[in-house]
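A short write-up of the structure that comes next.
Residue numbers (our numbering), protein chains in the order written: chain A, 4 to 518; chain D, 6 to 376.
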């Protein structure tokens, strides 16, 4: 295995407005190795890779491919240098088959689907992919789509493969499989660069790790000679404790009883299918599942934003001891019933907040109707905004800064802060740490734990199984809109949850074959 | 494999365009002010070339066209200027709440025309039958209701069936125009002209027949500013405009807000119609609004939905329109010259936003050598 530098970055700098995304980054990746680019969200990993693949052009510095200086101004140029990038968000045409998507855009005048299909099969066999080239994209699972993306760049002859957070959407089993394939490609002499912020993946997969912090290159270490805590320190810049403190549940009371609810989306597909569970005050109920399995619809049903076809949602009011059915009620009606429900939606700036409004006006979203006056009262929201900025250490020029200017973590602090300030009895959070740096993530976990200790019923939809297992008291797994299992967070394993996540997939496959 | 090798060029891009978010407000306004001045000068230069008059003379003609012989104490032209500002501003104010909600109301023309139509009917049918004071009150209510109705129809369809409001409101303009044409045909006998009606005219304050229009619009400007910025309704409009999902999430009834806002938008257009018919012309025809409902769309945008900035923008646009019309008139140019001139300025003002929102970045290659 000869080690030649495949790609070399020298003094790369890229700025967006005042934001320095990359500053003087130097990086080398060799043929026949897997290099991890590790860094927190916003540390400039993706920007850096986008410059290699021709999406951005560096402000300063140069890129060298196989020892020669390369000017990459478009993805087409990148392919000419045999560089292929697999993006986090797939770029595929849904109604086309895998093979059609793979050859799409190759402009060599030799369109021959049959011959190409053969070639695709050959690549699949060589590296051990499981792919049917004739299958349409819209019938595929996320991991199959990813396979198509990978083969797409291999088909174009890529020697340098860049994968942006490839495991974010995969189950543990699928991840293991992907890693095997990546190792096989490495052994074949390809240069594999993967962008990630998951430490255990870095350690199990890569040969070397390069760490970025706030756009700057921190250093490169050999995986065999490093540890999780050393990498964290490089990533964050200081030593931090990565433990989630899970307290025992004391005196749980039934707060939310969901009975046999079903829901159909606008396209007429069943998104929730006969879901029943009980969420208790004083515990954190985790919800795990492959993205798009009905998590969003479930939370929105409880919040009064989805129309249910069947079932009921009962809220046990701890103050009056009465039981109210929340089905078919609007958010306003739910509030008027005295139900203290807070909801941190997945789409923070598109649903939870208004990006162009400042922090004060965003605080007002929940409370602006208060009082009889036709005019707005900005005093209380302003105080709340300042309190949240102080308590949660929101980094902002001031309370009158539009929230879209804040970084992801600070946006989330504003949103979670507002929802908690309403002193909820039920707190629903969807992917609350997505895109957040480590410190902000742990701050959010602590806030959730605090709420749990106050007797709040916390419902946590997450994607990182490690966190779910560490944080939640019970974990409900859903697949294709159905509950496939509810497990105890203290005794379960990632693998068990992973199996439950995929189990439903096969079941639904069978049932759709019957139709 | 099958990859076609493109030629590896070593041409580096000279510069690229990047978004900027950090310009201070005064810098942005400086750019806008300079743009307006430069574009007005450009208009002057073009008229100079077309008329063989000097730049100074051209501007003098424009000035005379707007202000007349103001130094001799003649304020006739000045009042006319303010009146024109008032009407256009009123229409722009009407559109602004709808635009803030991202409801593209292109029907100010029709809504104003219908408001004027209601005023005309009241003036003709009730004139002399009820006291003039009561008649004016009836006219005001009727105009606002009719304008509101013309705004309500597309709003209901938007709220319940998600129809395209741009097309819908545009089509409503044609219906309004045809209704007026038919009415004028009936009432005007063979001449197709309705003679000015003396009943139900808005009162003349002092000796100036435009003052009442101007005062009404001035009050309206302040009310609209407060409504949008400090009222709960204004807040709801803002949230719905920014994100309907957020609006639903916090429990705003989006349908209700759309309908309510368009009623307001239409009603204010109705007021503009009333000011034109009962306050100025005392008659009506299909050209009464004269396309200002469309100019108002630009005013609202140029003023960035802020009523006070809209006042300035209206003053500039009307100045150009009256001034260049005078140039065209004096130098025997085609009357469309005024439209061209206004178009040039607006294009420049819109174009300068690019330099406010984006910046050019040049590659710093030298740095490597110096390091």
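Glycine included, C-beta positions come from ideal geometry on N, C-alpha and C.
> Any residues in the segment 17-31 of chain A with a beta carbon nearer than 7 angstroms to a beta carbon of chain D? Which ones, in chain order?
Replying inline: 19, 20 and 21
>> With distance defined between alpha-carbon atoms, name the residue in A/280, A/223 and A/46 nearest to residue 490 of chain A.
In response: A/280
> By DSSP, does residue 316 of chain D sit in helix, in strand, or in coil?
Replying inline: Collapsing the DSSP output to three states places residue 316 of chain D in a helix.
>> Does any residue of chain A have a CB that is nearer than 7 angstroms to the CB of residue 248 of chain D?
In response: yes
> Applying a beta-carbon distance threshold of less than 8 angstroms, which residues of chain A neighbour residue 236 of chain D?
Replying inline: The contacting residues are 377, 378 and 379.
> Since residue 2 of chain D is in the beta strand (DSSP E), which residue starts that stretch and which ends it?
Replying inline: Since the first residue of chain D shown is 6 and the last is 376, residue 2 of chain D is not available in this structure.
> Which residues share a DSSP beta bridge with residue 67 of chain A?
Replying inline: The partner list for residue 67 of chain A (beta bridge, DSSP) reads A/11 and A/72.
> DSSP state of residue 291 of chain A, grouped into three classes?
Replying inline: Reduced to three states, the DSSP call for residue 291 of chain A is strand.
> On the three-state DSSP scale, how would you describe residue 27 of chain A?
Replying inline: The three-state reading of DSSP puts residue 27 of chain A in strand, counting E and B together.
> Roughly how many angstroms separate the alpha carbons of residue 208 of chain A and residue 410 of chain A, rounded to a whole number?
Replying inline: 30 angstroms
>> Here's the rule I'm using: 16 or more other beta-carbon atoms within 10 Å means buried, otherwise exposed. How should residue 43 of chain A be labelled?
In response: That one is buried.
> Are residue 413 of chain A and residue 398 of chain A touching if we call contact CB-CB under 7 angstroms?
Replying inline: yes
> Between residue 332 of chain A and residue 350 of chain A, what straight-line distance do the alpha-carbon atoms span, to the nearest angstrom?
Replying inline: 22 angstroms
> Run through DSSP, which three-state label would residue 319 of chain A get?
Replying inline: strand
> Tell me the DSSP bridge mates of residue 132 of chain D?
Replying inline: D/135
>> Please list, in chain order, the chain D residues whose beta carbon lies closer than 7 angstroms to that of residue 308 of chain A.
In response: 253 and 254
> So the alpha helix (DSSP H) residue 202 of chain A belongs to, where does it begin and stop?
Replying inline: 202-208
>> Helix, strand or coil, according to DSSP, for residue 396 of chain A in the structure here?
In response: coil
> Excluding sequence positions up to five away, which residues of its chain have a Cβ less than 7 angstroms from the Cβ of residue 168 of chain A?
Replying inline: 91, 198 and 199
> By the criterion of Cβ-Cβ separation under 7 angstroms, what are the contact partners of residue 8 of chain A in chain D?
Replying inline: Within chain D, no residue comes near residue 8 of chain A; the closest Cβ sits about 18 angstroms away, beyond 7 angstroms.
>> For a cutoff of 7 angstroms on Cβ pairs, would you count residue 499 of chain A as touching chain D?
In response: At a cut-off of 7 angstroms between beta carbons, residue 499 of chain A makes no contact with chain D.
> Between the segment 356-373 of chain A and chain D, which residues of the former have CB atoms less than 8 angstroms from a CB of the latter, in chain order?
Replying inline: 356, 357, 358, 359, 360, 364, 367, 368, 369, 371 and 372
> Is the CB-CB distance between residue 298 of chain D and residue 114 of chain D below 7 angstroms?
Replying inline: Contact: yes.
> If we cut at 7 angstroms on Cβ distances, does residue 232 of chain D have a partner in chain A?
Replying inline: no
> With distances taken from CA atoms, which of A/444, A/287 and A/37 is nearest residue 204 of chain A?
Replying inline: A/37
> Between residue 316 of chain D and residue 40 of chain D, which are expected to be in contact by the criterion C-beta below 8 angstroms, what is the C-beta distance as a whole number of angstroms?
Replying inline: With a Cβ gap of about 18 angstroms, residue 316 of chain D and residue 40 of chain D do not count as contacting.
> Between the beta-carbon of residue 501 of chain A and the beta-carbon of residue 248 of chain D, is there less than 7 angstroms?
Replying inline: no
>> Cβ closer than 8 angstroms: which chain A residues qualify as neighbours of residue 240 of chain D?
In response: 364, 367, 371 and 379
>> Using beta carbons (cut-off 7 angstroms, strictly below), is residue 54 of chain A in contact with chain D?
In response: no
> Going straight from the alpha carbon of residue 382 of chain A to that of residue 28 of chain D, what length do you get?
Replying inline: 29 angstroms
> Would you say the segment 434-450 of chain A touches the segment 316-334 of chain A, given that touching needs at least three Cβ pairs under 8 angstroms?
Replying inline: no
> How long is the line joining the alpha carbons of residue 256 of chain A and residue 462 of chain A, rounded to whole angstroms?
Replying inline: 14 angstroms
>> List, in chain order, every chain D residue whose beta-carbon is nearer than 9 angstroms to that of residue 338 of chain A.
In response: 256
> With burial defined as no fewer than 16 other Cβ atoms inside 10 Å of the residue's Cβ, what is the status of residue 359 of chain D: buried or exposed?
Replying inline: exposed
> Is residue 354 of chain A close to chain D, meaning its C-beta is less than 7 angstroms from at least one C-beta of that chain?
Replying inline: It does; some Cβ of chain D falls within 7 angstroms.
> For residue 22 of chain D, which residues from the same chain have a beta carbon less than 8 angstroms from its beta carbon, with the 5 sequence-adjacent residues on both sides left out?
Replying inline: Within the same chain, residue 22 of chain D has close Cβ partners 363, 364, 365 and 366.
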